[in-house]
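See structure below.
There are 4 protein chains.
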Amino acid sequence: MTLGPLTQAPELVISAWYNSKKPIALEQLRGKVVAIYCFQMLCPGCISHSLPQAKKLHQYFSHEDVSILGLHSVFEHHQVMNNQALEAFIGEYRLSFPIAVDKPAVKNPIPETMQRYQLEGTPSLLLIDRYGYLRVEAFGAISDLQVGHWLGSLLSFNPDAFQESSEDNAIGSCNDDGCSIGQ
Amino acid sequence: MTLGPLTQAPELVISAWYNSKKPIALEQLRGKVVAIYCFQMLCPGCISHSLPQAKKLHQYFSHEDVSILGLHSVFEHHQVMNNQALEAFIGEYRLSFPIAVDKPAVKNPIPETMQRYQLEGTPSLLLIDRYGYLRVEAFGAISDLQVGHWLGSLLSFNPDAFQESSEDNAIGSCNDDGCSIGQ
Amino acid sequence: MTLGPLTQAPELVISAWYNSKKPIALEQLRGKVVAIYCFQMLCPGCISHSLPQAKKLHQYFSHEDVSILGLHSVFEHHQVMNNQALEAFIGEYRLSFPIAVDKPAVKNPIPETMQRYQLEGTPSLLLIDRYGYLRVEAFGAISDLQVGHWLGSLLSFNPDAFQESSEDNAIGSCNDDGCSIGQ
Amino acid sequence: MTLGPLTQAPELVISAWYNSKKPIALEQLRGKVVAIYCFQMLCPGCISHSLPQAKKLHQYFSHEDVSILGLHSVFEHHQVMNNQALEAFIGEYRLSFPIAVDKPAVKNPIPETMQRYQLEGTPSLLLIDRYGYLRVEAFGAISDLQVGHWLGSLLSFNPDAFQESSEDNAIGSCNDDGCSIGQ
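Chains as they are written, first to last, in the numbering used here: chain R, 1 to 183; chain C, 1001 to 1183; chain X, 2001 to 2183; chain S, 3001 to 3183.
Shown next, in the form of structure tokens:
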């Protein structure tokens, strides 16, 4: 799988944060690569594969370079996967990176952020580059090799070089201050 | 670890059953070896090691010979590890063996069966022989080799032979009808 | 897989021993369960699965009860899987249980013991009970659960009980001194 | 571990090639990232970890971008880890990437390439960037996450950007045709 085009990552819509004193906006994280692990507590693949991988990344990469976030995107069993259960879960699994609760939607079992990103389910991995572009959206278990490769690429990503080689597509426009879609 | 002496296994004290139309009493299971996996939904070692092992045993052994039971022994986070959550959990993890809920105690966070068996925590494995004796009570992750060895021994266990070799200790008394403690 | 009938295990035909000062005859091991791991140095499944399992068993079981043997049964690449290479291999992989070299046959690539036991290939596992009967002959990777189960059964095996329950088949005849086929 | 400075990778000194019709010089591979897995057949960590990782990389990455090479660097048990044994080994383990034999040295157990690169032992991993610089030399088992990260970085590596940020150290000098050490 290759990295996607320069599409701006939509802002997260969050109802609660754990392991963070304040809400975190993606915009604040410009300059870092952001890895968002979307999970549900009652999703076996999330527990056996994705959250352990998130912990590994959190330990391996410098926090100056890579920001790991968990996103609890509950789209089934809403009553039992509530915030009280999540808090106990975070403690028992010793998750130390910031974890956000995807805001429940009105009259829709799919929560707000999950809708915006059109996620297929959990686990899903979102990778956002230093300039705020959503470059990876992957459903299911992703190998460590694949994640390492993507992060290595994104950490080295030079949007000026990217722009030149994709000028005809006019996907994005970047300067030293950052990148903007459109013109 | 070797098999323990011929101590009668106390009856389970259960408030609800899943994957079983009727309550199951240990007494009904005489003639089979019984493996009871005591767990909590929010116990990482239970999810990563013990319940997968329980599934493996349930698939591997003939149900005529070995009965696998889960026992949800909640001693912390009682509010979130409730029966509604357990039901969703059983479905998502595709557990198909009978699962009992250890009856909550009054004024004690430790549930009734856990108290009776003086369990150290979760995961715990209880092995009960064909004659109703509790022969293994093990806390923590147990290797497949160890569990296989114990079950192989218990399936071949001949209480008459046992009595002879342990007569001086007068632990138990067995005849063709079964075994009784005491005399 | 269930344990096989009471067929006498043929004696091994061996051209060299490592990790043992003297040759070992199966007959000397009566009273113990014997697990023989048949392997070749250039067999990937032997290296990744069977020899690590053999090491685990050698560490786990009392050497009074279970004897672990390696059997280097070379049926291909004879020139390179020679004894000098085997000796280096045993050292590098820190194998500490006795390892025998299956005697090369004249005008047959299959070595002598492998022929006698009609092994399908490597890895193969042979389990011989306390009375010298070959009860398991299994080709390929065997799970720890399965091996544990078999060894637990064989360690508890009482040939008198066996004889009674299988009298009609007249497979074996056992007394306190041992078991013999036939009558 | 971070990527090393722009030091030219010494050419390999090779006595035989497998899985390649012709000898391969590093110089021919300019434009690709090269991953060289240094191993010995009788090195347990090589067999259990490094060669399986090499196979994974060979399958995962486009061969236009990443070249995987094996290097059989024998520094002990020279007699048994000979080319005939290596050929059988390559077949049995189904290794399909090119494998070179590090040229034995005269009066030194350490082979020529191993000396040039001052390798600590096996397994060792060498990563050479698109411009011929040796950027990683790592001894022991390396995680998939780490290797993926390194390769992602090296595939995105832009030597012009590198030069600017390291000008004061005057390590290397690069232009559109490539990079050269020194001036």
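Where is the CB? At the ideal position from N, CA and C, for every residue including glycine. A quick note: this is a predicted structure, and the numbers were derived from the prediction, not measured.
How big is the Cα-Cα spacing for residue 2008(X) and residue 2061(X)?
Taking the first residue of the third sequence as 1, we reach residue 2008(X) at position 8. Taking the first residue of the third sequence as 1, we reach residue 2061(X) at position 61. Residue 2008(X) and residue 2061(X) have their C-alpha atoms some 24 Å from each other.
Taking 7 Å as the CB-CB limit, is residue 1148(C) close to chain X?
Looking up residue 1148(C) in the second sequence gives position 148. It does: the Cβ of residue 1148(C) has a partner Cβ on chain X nearer than 7 Å.
Buried or exposed (CB count within 10 angstroms, at least 16 for buried), residue 1028(C)
As a first step, residue 1028(C) is located in the second sequence; it is residue number 28 there, counting from the start. Its Cβ having fewer than 16 others within 10 Å, residue 1028(C) is exposed.
Residues in the segment 1128-1144 of chain C having any Cβ partner in chain X nearer than 9 Å:
The segment 1128-1144 of chain C vs chain X, Cβ under 9 Å: 1143, 1144.
For chain S, check one thing: does any of its Cβ atoms lie closer than 7 Å to the Cβ of residue 60(R)?
As a working mapping, residue 60(R) is identified with position 60 in the first sequence. Output row for residue 60(R): interface = yes.
Skipping 5 residues on each side, what residues in its chain have a beta carbon closer than 8 Å to that of residue 17(R)?
Taking the first sequence and counting its residues from 1, one reaches residue 17(R) at position 17. So the qualifying residues of the chain are 23, 24, 98, 99, 100, 101.
Residue 2152(X), buried or exposed, once every other Cβ within 10 Å from all chains shown has been counted against 16:
To locate residue 2152(X), count along the third sequence from 1; it is residue 152. Residue 2152(X) comes out buried.
What do you get for residue 1079(C), buried or exposed, if any count of 16 or more other CB atoms within 10 angstroms of its CB means buried?
Sequence index remark: in the second sequence, residue 1079(C) carries index 79 (1-based). Residue 1079(C) is exposed by the Cβ-count criterion.
Applying a beta-carbon distance threshold of less than 8 Å, which residues of chain R neighbour residue 1120(C)?
Residue numbering aside, residue 1120(C) sits at position 120 when the second sequence is read from its first letter. Taking a Cβ-Cβ threshold of 8 Å, none of the residues of chain R is close to residue 1120(C); the smallest such distance is about 17 Å.
Nearest residue (CA-CA) to residue 56(R), options 140(R), 154(R), 144(R):
To locate residue 56(R), count along the first sequence from 1; it is residue 56. Minimum Cα-Cα distance from residue 56(R) among the listed residues 140(R), 154(R), 144(R) corresponds to 144(R).
For residue 2093(X), the nearest candidate out of 2128(X), 2116(X), 2135(X), 2052(X) (CA to CA)
To locate residue 2093(X), count along the third sequence from 1; it is residue 93. Restricting attention to 2128(X), 2116(X), 2135(X), 2052(X), the CA atom closest to the CA of residue 2093(X) is found in 2052(X).
Contact residues within the segment 1029-1059 of chain C, judged by C-beta distance below 9 Å to chain X
Here the close residues are 1053, 1056, 1057.
How long is the line joining the alpha carbons of residue 88(R) and residue 139(R), rounded to whole angstroms?
Here residue 88(R) refers to the residue found at position 88 when the first sequence is read from its first residue. Here residue 139(R) refers to the residue found at position 139 when the first sequence is read from its first residue. It is roughly 26 Å from the alpha-carbon of residue 88(R) to the alpha-carbon of residue 139(R).
Going by the beta-carbon positions, is the gap between residue 3(R) and residue 135(R) smaller than 7 Å?
Mapped onto the first sequence, residue 3(R) falls at position 3. Mapped onto the first sequence, residue 135(R) falls at position 135. Yes. Within cutoff.
Quick one: is residue 3124(S) buried, meaning 16 or more other Cβ sit within 10 Å of its Cβ, or exposed?
Locating residue 3124(S) in the fourth sequence gives position 124, counting from the first residue. Label assigned to residue 3124(S): buried.
Is residue 1145(C) helix, strand or coil by DSSP?
As a working note, residue 1145(C) is residue 145 in the second sequence. Assignment of residue 1145(C) by DSSP, reduced to helix, strand and coil, places it in the helix class.
Chain R within 7 Å of residue 3180(S), Cβ atoms only:
To locate residue 3180(S), count along the fourth sequence from 1; it is residue 180. With a pLDDT of only 29 at residue 3180(S), under 50, the local geometry of the prediction cannot be trusted, and the value read off the model is given with reservation. Closer than 7 Å to the CB of residue 3180(S) there is not a single CB belonging to chain R.
Work out the CA separation of residue 2133(X) and residue 1133(C) for me, nearest whole Å.
Here the question's residue 1133(C) lines up with position 133 in the second sequence. Here the question's residue 2133(X) lines up with position 133 in the third sequence. C-alpha separation (whole angstroms): 31 Å.
Own chain residues within Cβ distance below 8 Å of residue 2033(X), not counting five before or after
Translated into the one-based positions of the third sequence, residue 2033(X) becomes position 33. Cβ-Cβ distances below 8 Å link residue 2033(X) to 2065, 2066, 2067, 2127, 2128, 2129, 2130, 2151, 2154, 2155 in the same chain, with the five nearest sequence neighbours on each side left out; the list follows chain order.
Does any residue of chain X bring its CB to less than 7 Å from the CB of residue 3016(S)?
Taking the fourth sequence and counting its residues from 1, one reaches residue 3016(S) at position 16. It does not: the Cβ of residue 3016(S) has no partner Cβ on chain X nearer than 7 Å.
Between residue 3152(S) and chain R, is any beta-carbon pair separated by less than 7 Å?
As a working note, residue 3152(S) is residue 152 in the fourth sequence. At a cut-off of 7 Å between beta carbons, residue 3152(S) contacts chain R.
So for residue 1115(C), helix, strand or coil by DSSP?
On the second sequence, residue 1115(C) is found 115 positions in, with the first residue counted as 1. Residue 1115(C): helix per DSSP, three-state reduction.
Do residue 2048(X) and residue 2114(X) count as a contact pair if the criterion is CB distance below 7 Å?
For the purposes of this step, residue 2114(X) is identified with residue 114 of the third sequence, where counting begins at 1. For the purposes of this step, residue 2048(X) is identified with residue 48 of the third sequence, where counting begins at 1. Cβ distance not < 7 Å, so residue 2114(X) and residue 2048(X) don't count as in contact.
Residues of the segment 71-94 of chain R in Cβ contact with chain C at a cutoff of 7 Å, in chain order, please.
When CB distances to chain C are screened at a threshold of 7 Å, the residues of the segment 71-94 of chain R falling below it are 77, 79, 80, 84, 85, 88, 89, 92, 93, in chain order.
Span separating the alpha-carbon of residue 2076(X) from that of residue 3108(S)
Taking the first residue of the third sequence as 1, we reach residue 2076(X) at position 76. Taking the first residue of the fourth sequence as 1, we reach residue 3108(S) at position 108. Here the alpha carbons of residue 3108(S) and residue 2076(X) stand approximately 32 Å from one another.
Give the interface partners of residue 3155(S) over in chain R, defined as CB-CB distance under 7 Å, in chain order.
Within the fourth sequence, the letter at position 155 stands for residue 3155(S). The contacting residues are 153.
Reference residue 71(R), options 141(R), 157(R), 112(R), closest by Cα
Numbered from its first residue, the first sequence carries residue 71(R) at position 71. The shortest C-alpha separation from residue 71(R) is found at 112(R).
Which word fits residue 2084(X), buried or exposed, when buried means at least 16 other C-beta atoms lie within 10 angstroms of its C-beta?
Translated into the one-based positions of the third sequence, residue 2084(X) becomes position 84. Result: exposed.
Let me check understanding here. Comparing Cα to Cα, which of 15(R), 5(R), 11(R), 6(R) lies closest to residue 82(R)?
What you label residue 82(R) is simply residue 82 of the first sequence in a count that begins at 1. The shortest Cα separation from residue 82(R) among 15(R), 5(R), 11(R), 6(R) belongs to 15(R).
By a C-beta neighbour count over all protein chains shown, 10 Å radius and 16 as the cutoff for buried, is residue 2050(X) buried or exposed?
As a first step, residue 2050(X) must be located in the third sequence, where it is residue number 50. Buried: at least 16 other Cβ atoms inside 10 Å.
So the alpha helix (DSSP H) residue 2029(X) belongs to, where does it begin and stop?
Within the third sequence, numbered from 1, the residue matching residue 2029(X) stands at position 29. Boundaries cannot be given for residue 2029(X), as no alpha helix (DSSP H) includes it and DSSP labels it neither H nor E.
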